[in-house]
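Numbering (our numbering), first residue to last: 86 to 309.
Below, the structure is given as structure tokens:
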């Protein structure tokens with residue numbers, strides 16, 4: 086409790102939650118999840134899952150509401166040089182960085198300091214010196230349709246039902262899940278092939294198709 090109060094944390098567990106620990110006749114609520122004040126307003130749902138786990142503790146599902154849809158990161162093209170320019174831009178923040186390092190060794194001085202973190206100075210110097218390129222972390226392929234996502238969710242549900250089934254029904258349910266998974270794999274392969282056929286159909290020659298594929302791969306390739 087002292088650790089929670091000292092770090093200003095909040096408990097996500099609800100008062101009417103079922104026991105998270107079950108073993109024979111023993112039950113308990115020993116699993117807790119904590120978050121900061123900025124994060125507590127983004128948690129929309131918190132609950133223990135009923136599906137069986139590999140231990141005596143149940144799985145915890147936390148649903149977070151966030152407005153961020155695409156995650157991006159910044160890469161700097163350092164292979165093109167501009168290292169001297171980076172050193173020149175970084176020299177402007179040397180005194181501020183050294184002051185932040187000294188204040189970090191003193192807790193009182195660190196709390197009173199109003200200077201920004203040294204990482205912002207490094208980022209500012211990189212932005213002024215190197216070219217940047219933003220790229221999506223997980224781009225969705227154009228052949229991945231909505232029905233494939235629905236089928237994938239259905240397969241997960243079938244697997245959970247097989248895991249929760251009785252001993253005499255479990256083998257049959259897992260076999261059914263395996264058959265449906267093969268059908269899903271064939272659908273994914275068909276979607277990829279049809280997308281490739283449509284790409285080749287739109288092009289007048291085979292060389293235009295190859296040129297489009299090469300340009301697409303080069304545009305998606307990260308720059309180091």
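Think of the CB as a built atom: it goes at the ideal place given N, C-alpha and C, for glycine as much as any other residue.
- Cα atoms of residue 244 and residue 126: separation of roughly 33 Å, rounded to the nearest angstrom.
- For the options 277, 269, 246 and 282, the alpha carbon positioned closest to that of residue 135 is the one of 246.
- In this structure, residue 149 lies near residue 128, with their beta-carbon atoms less than 9 Å apart.
- Per DSSP, the continuous beta strand (DSSP E) segment holding residue 113 begins and ends at 111 to 113.
- A direct Cα-Cα distance of roughly 7 Å separates residue 174 from residue 213.
- For residue 131, the enclosing beta strand (DSSP E) covers residues 128 to 133.
- Residue pairing by DSSP places residue 211 opposite no residue, since no beta bridge is assigned to it.
- Where residue 146 is concerned, the enclosing beta strand (DSSP E) starts and stops at 145 to 149.
- Pairing residue 162 with residue 218 gives a Cβ-Cβ distance under 9 Å.
- From the listed residues 159, 117, 178 and 274, the smallest Cα separation to residue 144 is found for 117.
- Comparing C-alpha distances from residue 215 to each of 114, 286, 265 and 169 shows the shortest one belongs to 169.
- Where residue 107 is concerned, the enclosing beta strand (DSSP E) starts and stops at 106 to 108.
- Distance between residue 206 and residue 281, taken at the CA atoms: about 46 Å.
- Cβ-Cβ separation between residue 99 and residue 106: approximately 16 Å, too far for a contact (criterion under 8 Å).
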